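Engineer: Counting from 98, one number per residue, gives the positions in the sequence shown under the working numbering.
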Amino acid sequence: MVRMAEGGLWLSSADLGDTIEDPDIRHLFEYWKAAAAGRSAPRRDEIDPPIDLPTYLPTTLMFDVERETEGSLQFRYRLMGTQLVDFAGRELKGLTIQEAFGAEFAAQDIAIYRQVVDTCSCYIGERISMIESRQMFEWYRRVVMPVLGDESGRVDRIWTWITYKDVSPVTG
């Protein structure tokens with residue numbers, strides 16, 4: 098069983114981002130917004146996290162957005178930072194969120210990612226969860242940003258960055 102609570106803020110590229118408290122998340126949002134250059138989101142060829150933001154890579158995720166049947170979306174791990182691989186205990190590249198974590202844990206993320214795709218908005222959230230099967234407590238903040246396809250002009254990637262506030266085993 099997974100117990101979690103999450104709250105967040107939705108921002109578009111037209112928003113200033115002045116309500117973002119976390120300085121790293123604010124920096125990433127401003128980078129994303131500048132790359133968007135007045136559009137709803139930047140194209141993939143307009144962002145270069147390994148060159149521009151190397152210190153953020155260990156906790157960066159990139160998902161491919163796969164459009165299947167009428168309105169159905171899958172979110173497949175394309176890139177997973179080394180710190181996140183260590184935390185998960187395995188590399189998730191190539192897996193969908195459901196394949197990686199199961200439907201129960203993935204449901205809230207899928208809903209958030211779906212809204213990012215549908216509205217072309219950024220999500221800034223904070224999650225606290227207890228994962229009973231792993232006897233693990235986690236508390237983190239994240240920014241989830243849409244990225245447009247270089248050719249398609251629609252959201253075909255989701256770029257996420259996570260900052261952990263606490264990860265600890267559940268005791269007693």
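Beta carbons are placed, not taken as given, at the ideal position from N, Cα and C, and that holds for glycine. These numbers were taken from a predicted model, which means no experiment stands behind them.
Does Thr257 pass the burial test, meaning 16 or more other C-beta atoms within 10 Å, or should it be called exposed?
Structural biologist: buried
Engineer: DSSP on Gly104, reduced to helix/strand/coil?
Structural biologist: strand
Engineer: Would Ile209 be called buried (16 or more neighbouring beta carbons within 10 Å of its own) or exposed?
Structural biologist: buried
Engineer: Which same chain residues, not among the five before or five after Arg164, have their C-beta less than 7 Å away from its C-beta?
Structural biologist: Leu170
Engineer: Three-state secondary structure (DSSP) at Lys130?
Structural biologist: Here Lys130 sits in helix by DSSP.
Engineer: When the Cα atoms are used, what is the spatial distance from Asp112 to Ser137?
Structural biologist: 11 Å
Engineer: Would you kindly work out how many angstroms separate the C-alpha atoms of Thr156 and Thr260, rounded to a whole number?
Structural biologist: 7 Å
Engineer: I'd like to check one pair, Phe172 with Val182: are the Cβ atoms closer than 8 Å?
Structural biologist: The Cβ atoms of Val182 and Phe172 do not sit closer than 8 Å to each other.
Engineer: My guess is that Val244 and Ile144 are in contact by the Cβ rule of under 8 Å, so how many angstroms apart are they, rounded?
Structural biologist: The Cβ separation is near 7 Å, so the contact holds.
Engineer: If you follow the alpha helix (DSSP H) that Arg211 is in, where does it begin and where does it stop?
Structural biologist: It spans 194-216 - the alpha helix (DSSP H) in which Arg211 sits, taken as one unbroken run.
Engineer: Could you pull out every residue in the same chain whose Cβ sits closer than 7 Å to the Cβ of Ile207, ignoring the five residues on either side in sequence?
Structural biologist: Phe172, Ile194
Engineer: So Asp247 is in the alpha helix (DSSP H); what residue range does that whole segment cover?
Structural biologist: Per DSSP, Asp247 belongs to no alpha helix (DSSP H) and is neither H nor E.
Engineer: In three-state DSSP terms, what is Ile221?
Structural biologist: Strand at Ile221.
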